[in-house]
Amino acid sequence: METLYHSTRNASRVMSSKQAILTGIAPDGGLFVSDQIGTQSLDLSHVCAQKYHAIARLVLGALLGDYTADEIAQCVSGAYGDQWDTSAITPLTALGDDWLLELYHGPTCAFKDVALQMLPRLMSVARTSAGDGKNVMILTATSGDTGKAALEGFADVEGTGVTVFYPDGKVSDIQRLQMVTQRGSNVAVCGIRGNFDDAQTEVKHIFADAALRDRLANAGCVLSSANSINVGRLVPQVTYYFDAYAQLARAGVIMVGEEIDFCVPTGNFGDVLAGYYAKLLGLPVGRLIVASNANNVLTDFITTGTYDRRRTFHKTISPSMDILVSSNLERLVYYLSDGDCDLVASYMKDLAEKGTYTVSDSILRKLQSSFGCGFADDEATRRTIRSTWEELGILIDTHTAVGKAVLDARQHAGRQRVCLSTASPYKFSADVLAALGTDVAQLDGFACMDALQKLTGTVAPTQLAGLRTAPERHTDVCDQNEMNAFVENACRRVFA
Numbered sequence: 003m004e005t006l007y008h009s010t011r012n013a014s015r016v017m018s019s020k021q022a023i024l025t026g027i028a029p030d031g032g033l034f035v036s037d038q039i040g041t042q043s044l045d046l047s048h049v050c051a052q053k054y055h056a057i058a059r060l061v062l063g064a065l066l067g068d069y070t071a072d073e074i075a076q077c078v079s080g081a082y083g084d085q086w087d088t089s090a091i092t093p094l095t096a097l098g099d100d101w102l103l104e105l106y107h108g109p110t111c112a113f114k115d116v117a118l119q120m121l122p123r124l125m126s127v128a129r130t131s132a133g134d135g136k137n138v139m140i141l142t143a144t145s146g147d148t149g150k151a152a153l154e155g156f157a158d159v160e161g162t163g164v165t166v167f168y169p170d171g172k173v174s175d176i177q178r179l180q181m182v183t184q185r186g187s188n189v190a191v192c193g194i195r196g197n198f199d200d201a202q203t204e205v206k207h208i209f210a211d212a213a214l215r216d217r218l219a220n221a222g223c224v225l226s227s228a229n230s231i232n233v234g235r236l237v238p239q240v241t242y243y244f245d246a247y248a249q250l251a252r253a254g255v256i257m258v259g260e261e262i263d264f265c266v267p268t269g270n271f272g273d274v275l276a277g278y279y280a281k282l283l284g285l286p287v288g289r290l291i292v293a294s295n296a297n298n299v300l301t302d303f304i305t306t307g308t309y310d311r312r313r314t315f316h317k318t319i320s321p322s323m324d325i326l327v328s329s330n331l332e333r334l335v336y337y338l339s340d341g342d343c344d345l346v347a348s349y350m351k352d353l354a355e356k357g358t359y360t361v362s363d364s365i366l367r368k369l370q371s372s373f374g375c376g377f378a379d380d381e382a383t384r385r386t387i388r389s390t391w392e393e394l395g396i397l398i399d400t401h402t403a404v405g406k407a408v409l410d411a412r413q414h415a416g417r418q419r420v421c422l423s424t425a426s427p428y429k430f431s432a433d434v435l436a437a438l439g440t441d442v443a444q445l446d447g448f449a450c451m452d453a454l455q456k457l458t459g460t461v462a463p464t465q466l467a468g469l470r471t472a473p474e475r476h477t478d479v480c481d482q483n484e485m486n487a488f489v490e491n492a493c494r495r496v497f498a
């Protein structure tokens, strides 16, 4: 059955999932949603008997109905192959009395690989189906991990290019090197003078620039996105919620049908929204706990119903969460408002013009019935890294530590609890090493990596250690108002 998508802000124009993935973001600035999500549930007993690849085929088949079973099978096989260091893809391991869902076993050592090894394949199938011969430029802003995962996924993919903007000076040394050393004839990378929200805001403006869109169309090129604003980025992440549940069921930790909680460190809200999609598909989720760092705009929203980005921006040791405008929240508000596009559009207009909006009491009640929240500042994050290592012998990164700190601070509801681990600790070697008590003031990123290995007896992933000798290929830095021109020039170069 074909799955139809439309904008969160206007339901009058519908398109297939293939078209939505190619388009990325709706022309009116909204995000693509489907009213069919939640009308059917996956057979939980069947899911729990499957391994990751089969579960991925079931999830994608339910959410991307116009892809054939063969198309989905080919995409799954290619996305989750030898580029992962475990056949389990996202293994679940013990974390004291809780569980750790390890999402960092892909080629760039971050959870974004789960989706960004899949998205290029979904997009290639959609591009072939469209048959219009147009080239696709993937345009994305990153707070640290999406950029490299997108570059790795789309590098040298025929008919596509990828342009990545990152906040200069506001990602870790390893994250920056992963991006600026990227090989590929179709890639472009640029730092911007500003923060992630500045980059993300301007990317949305670029997508809404009709004059640019017409110029690119005349040159046979269209823009799309690799951020989780693209439904093709969001949907693959639903799989690991079902797979985590299946791992617990197969191990006899839970009975099929028993509720479990997930704690998700998040900034842009995509990772935890995938959990809500899983719940709409019938996964027995008790609470989705949203864990924030000092940029705790989501904590305040879930607590009060008011979203207010007019606050101090904090540069933290968990940089991928340094976000004040959580784009994917718009999708959740759409579903909680029972699909009221006009209401969503008015909230987003208020956010853009006034910097704040407040949802209705009805929406707030629905929000709080499914979501919990909490936040951890840098001090709490460091304490959690150290205690997790000293007490459990488990090394976690600065984002996972935010999730564990929030989880530890919550009263246990009697359900099994899963904390999502979003990145390898070696992507943030300096801050993890400092949290363990080492003075890193005189150490560069690789010296910190070496010291962390020696201190803990763990081994840095080869794809990160190999950055030591990789040449820097992308050195551009621009202001926010220069991003539009950079994209157009990248399209000319890549598709010349």
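In our numbering, the protein residues as written are 3 to 498.
Ideal Cβ placement from N, Cα and C applies to all residues, glycine included.
Computed from a predicted model, the values in this text were never measured in an experiment.
- Message: Restricting to runs no shorter than 3 residues, where is the beta strand (DSSP E) found entirely within the stretch 112-181?
- Response: 137-143 and 162-169
- Query: Looking only at DSSP bridge pairs, what is Glu104 linked to?
  - Reply: Ser423
- Paired residues, beta bridge with Asp263 - DSSP: Arg419
- Item | Terminal residues of the beta strand (DSSP E) in which Asn12 lies | Asn12 to Ser18
- Query: Around the Cβ of Arg289, are there at least 16 other Cβ atoms within 10 angstroms (buried) or fewer (exposed)?
  - Reply: buried
- Query: What residues match up with Tyr54 in a beta bridge as DSSP calls it?
  - Reply: Looking at the DSSP assignment, Tyr54 forms no beta bridge with any residue, so it has no partner.
- Item | Three-state secondary structure assigned by DSSP to Asp441 | coil
- Query: Does the separation of the CB atoms of Cys504 and Ile319 fall below 8 Å?
  - Reply: Look at the range of the chain in this structure, 3 to 498, and you will see that residue 504 is not part of it.
- How about Ala248 and Val266: do their beta carbons lie closer than 8 Å? no
- Task: Give the range of the alpha helix (DSSP H) segment to which Asp30 is assigned.
- Result: Element bounds for Asp30: n/a, residue is neither H nor E.
- Query: So, is Thr144 buried or exposed, given that buried needs 16 or more other C-beta atoms within 10 angstroms?
  - Reply: buried
- Where Thr477 falls: helix, strand or coil (DSSP): coil
- Hey, out of Trp391, Ala296, Val191 and Thr386, whose CA is closest to His476's CA? Val191
- Query: For Phe244, which three-state DSSP category applies?
  - Reply: helix
- Of all the options Ala453, Tyr278, Ile398 and Asp441, which has the alpha carbon lying nearest to the alpha carbon of Ala96? Ile398
- Message: With a threshold of 7 Å (Cβ to nearest heavy atom), would Val404 be considered close to the ligand COA?
- Response: The ligand COA is not among the ligands present in this structure, which contains no ligands whatsoever.
- Which same chain residues, not among the five before or five after Cys111, have their C-beta less than 8 Å away from its C-beta? Ala425, Ser426, Tyr428, Lys429, Pro463, Gln465 and Leu466
- Message: Excluding the 5 residues flanking Phe497 on each side, which residues of the same chain have their C-beta closer than 6 Å to its C-beta?
- Response: Asn137 and Cys223
- Message: Taking the straight line between their C-alpha atoms, what separation do you get for Arg235 and Asp68?
- Response: 16 Å
- Beta-carbon gap between Thr107 and Asp87 smaller than 8 Å: Here the sequence assigns His to residue 107, which means Thr is not the residue at that position. Yes; because the gap between Cβ atoms is below 8 Å, this pair is in contact.
- Query: Per DSSP, Asp310 forms a beta bridge with which residues?
  - Reply: Thr358
- Proximal residues to Trp101 (C-beta, below 6 Å), its chain only, five neighbours per side dropped: Leu94 and Val420
- Message: Considering just the uninterrupted stretch of the alpha helix (DSSP H) at Thr203, what are its terminal residues?
- Response: Phe198 to Phe209
- Per-residue burial, Met120 [other beta carbons within 10 Å of its own, 16 or more giving buried]: buried
- Task: State whether the stretch 249-266 contacts the stretch 355-366, with contact taken as three or more CB pairs (one from each stretch) at a distance under 8 Å.
- Result: no
- Message: Need the endpoints of the beta strand (DSSP E) that Ala472 sits in, please.
- Response: Premise fails: Ala472 is in no beta strand (DSSP E) and is neither H nor E.
- Gln239 classed as buried or exposed, judged by whether at least 16 other C-beta atoms fall within 10 angstroms: buried
- Task: Please classify Tyr7: does DSSP put it in a helix, a strand, or coil?
- Result: strand
- Using a Cβ-Cβ cut-off of 7 Å (strictly less than) and excluding sequence neighbours within five positions of Asn486, which residues of its own chain qualify? Ile208, Asp211 and Leu214
- Query: Is the stretch 403-410 in contact with the stretch 340-360, if contact means three or more CB pairs nearer than 8 Å?
  - Reply: no
- Going by alpha carbons, who is nearest to Ile194 out of Leu250, Ser187 and Val173? Val173
- Which runs of the alpha helix (DSSP H), 4 residues or longer, sit entirely within the stretch 276-308? 299-306
- Three or more C-beta pairs below 8 Å linking the stretch 280-288 and the stretch 377-392: no
- CB of Leu469 within 8 Å of CB of Gln180, strictly: yes
- Query: Roughly how many angstroms separate the alpha carbons of Gly395 and Glu474, rounded to a whole number?
  - Reply: 35 Å
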